[in-house]
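Only one structure is covered here, and it is reproduced in the block below.
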Ligand code: HEM
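In our numbering, the protein residues as written are 330 to 837.
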């Protein structure tokens, strides 16, 4: 102990900052993994913790106590019953730069106002109106894939599904068609991807030394790339300026937001009802940010799962062909009624939920099912662990769409399957995303089959940071489907002896 006084000033600061930090859950009588000085329990897997400590446990993100909850009754209270009273908000890192007033970051009444203004853009009626825009892009996607499939090229799936996803988002949000599918270096993709690059060092620093947060904020540090937010701000402003001089009435999400500014009524009411110019830019940027990567990653993982499970793909293609015979045009209502398609997409989102966890912060100390949750406690809902719990999902690592068949679906507790979150603060773009995913999948499978190749990584290494997604790009090949009146067969039939027959059709 003689060397203690000779520690450097920095070491003393670190030691003092962490003294007495890891007592919260001991005091509350909540079990959990033993924290390590400075790191807390960072790096301990939620699946492992759930197996060891049950449905509720406490951990530490560096210094910060974090309560993990997987108990369905507690989740009902946190996500739904007490959403508006105690659990309205997510954690706010404060380092949000220009996006401080975006809907997913906003808190309490401010969030409620933004959510109410944005929600009408995502009703079934509105999505149905946007369907033709989505179809324009899904058609481009299948056309672009043709030469790749014809030449039997190895395809990095994200290049195509990422472009489709961003083009759909930008067209529906502000009627901008950047044609990223034909132009992989489109600035939309570059900047949307930049928003996703999480500055891990900044995160660790603010987590270890929250005392410096105001200084970091003052110095303009942000989790969101400044150049990307500036790009989207410029884009929205340009689109708005072009519209100002035009008599042509556009109906997209941006225009709906602009229209809220012209609400009738006294000035103070307008301010409450309508969005400010800054809020409009933040929502437009955030919608692209929230929708792009999640949807693109899901499509890539759908392709991968189908390539690895050809019998599932075959069954899905049979359903597609009986719903839209002979590559017939995809229609909204029929698409939404496809049962096996829905099961396939649901199972992919179970196996690979893009958001690994949900977050809520307790506004006040509150008792939920005999567990006291102190004021300001961060509550996390580990979706990935829930979706991989063998008690809920036997053989959880297997891709089995029949878990979500019409019959089996009835037995699923809605608080155990949460790819889009739940309750009033769930994903605002859920329905939009499902339509966009299903449409692309159906159109691609009408024309091609996915196939694994030497370059396909099996099994996948998942990226431990940020969203759940593959660490390395997923590479697959496509096999062209040919149709004639009586049969469906694939270009490799002759070479690889791969033949897929539909029940109503004879093999060629
Ligand atoms: C497969 C695609 C998607 C998945 C899996 C997904 C998942 C999620 C999840 C888990 C949340 C948090 C919910 C909660 O805390 O309860 C969320 C929030 C959100 N999502 Fe999505 N999302 C997807 C696509 C989209 C799309 C296409 C949009 C926009 C059109 C979008 C916009 C948002 C927004 C704005 C929020 C914040 C809502 C709020 O705070 O009120 N998402 N999403």
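C-beta: ideal position from N, C-alpha, C; glycine also.
Review point. So, residue 518 versus residue 533, is the Cβ gap smaller than 8 Å?
Key: In this structure, the beta-carbon distance from residue 518 to residue 533 does not fall below 8 Å.
Exercise for review: Note down, one range per segment and in chain order, each alpha helix (DSSP H) of at least 4 residues found wholly within the segment 475-523.
Suggested key: As far as the segment 475-523 is concerned, its whole alpha helix (DSSP H) runs of at least 4 residues are 486-503.
Exercise for review: Verify whether the separation of the beta carbon atoms of residue 704 and residue 720 is less than 8 Å.
Suggested key: no
Check your understanding: What residues are listed by DSSP as bridge partners for residue 791?
Key -> 799
Check your understanding: Between 560, 588, 559, which lies nearest to residue 573 when the distance is taken from Cα to Cα?
Key -> Distances from the alpha-carbon of residue 573 to those of 560, 588, 559 put 588 closest.
Check your understanding: In the DSSP assignment, what are the bridge partners of residue 841?
Key -> Since the displayed the chain opens at 330 and closes at 837, residue 841 lies outside it and no answer follows.
Point to revise | residue 682 versus 351, 626, 642, 643, residue with shortest Cα-Cα distance | key: 626
Check your understanding: Do you know how far the Cα of residue 554 is from the Cα of residue 548?
Key -> 14 Å
Check your understanding: Is residue 501 buried or exposed, if buried means 16 or more other CB atoms sit within 10 Å of its CB?
Key -> buried
**Study point:** Own chain partners of residue 469 with C-beta closer than 8 Å, once the 5 adjacent residues on each side are dropped
**Key:** 493, 496, 508, 510, 511
Review point. Should residue 399 be counted as a contact of the ligand HEM given a C-beta to heavy atom distance under 7 Å?
Key: no
Review point. Does DSSP put residue 369 in a helix, in a strand, or in coil?
Key: strand
Review point. Buried or exposed: residue 486, going by 16 or more other Cβ atoms within 10 Å of its Cβ?
Key: Burial check for residue 486: the Cβ neighbour count within 10 Å reaches 16 or more, so the residue is buried.
**Study point:** 7 Å CB neighbourhood of residue 491 in its chain, flanking five on each side removed
**Key:** 518, 625
**Study point:** Residue span of the alpha helix (DSSP H) that contains residue 621, given as start and end
**Key:** 606-637
Exercise for review: Measure the alpha-carbon distance for residue 604 versus residue 423 and round it to whole angstroms.
Suggested key: 21 Å
Check your understanding: What do you reckon, is the C-beta of residue 509 under 7 Å from a heavy atom of the ligand HEM?
Key -> no
Practice item. Return yes when the Cβ of residue 392 is within less than 8 Å of the Cβ of residue 350, no when it is not. Key: Contact flag set, yes.
Review point. What are the start and end residues of the beta strand (DSSP E) that includes residue 387?
Key: 385-390
Review point. Can you name the start and end residues of the beta strand (DSSP E) that residue 691 belongs to?
Key: Residue 691 -> no beta strand (DSSP E), and no H or E assigned at all.
Review point. Of the choices 591, 384, 420, whose alpha-carbon is the least far from that of residue 691?
Key: 420
Check your understanding: Hey, would you say the C-beta of residue 910 is under 7 Å away from at least one heavy atom of the ligand HEM?
Key -> Coverage of the chain is limited to positions 330 through 837, which leaves residue 910 absent and any answer about it impossible.
Review point. Quick one: what's got a C-beta closer than 6 Å to residue 706's C-beta in the same chain, skipping five residues either side?
Key: 396, 691
Review point. Can you list, in chain order, the residues of its chain whose CB lies under 7 Å from that of residue 644, leaving out five sequence neighbours each side?
Key: 669
**Study point:** Simplified DSSP state of residue 339, which is helix, strand or coil
**Key:** helix
Review point. Would you call the CB atoms of residue 772 and residue 730 closer than 8 Å?
Key: no
Point to revise | Best match in 525, 808, 536 for proximity to residue 639 [C-alpha to C-alpha] | key: The residue with the shortest Cα to Cα distance from residue 639 is 808.
**Study point:** First through last residue of the beta strand (DSSP E) which encompasses residue 779
**Key:** Per DSSP, residue 779 belongs to the beta strand (DSSP E) from 777-780.
Exercise for review: Go through its chain and collect everything with a Cβ distance to residue 711's Cβ below 6 Å, but skip five positions before and after it.
Suggested key: 375, 397, 686
Check your understanding: Does the beta-carbon of residue 806 have 16 or more other beta-carbons within 10 angstroms, so that it is buried, or is it exposed?
Key -> buried
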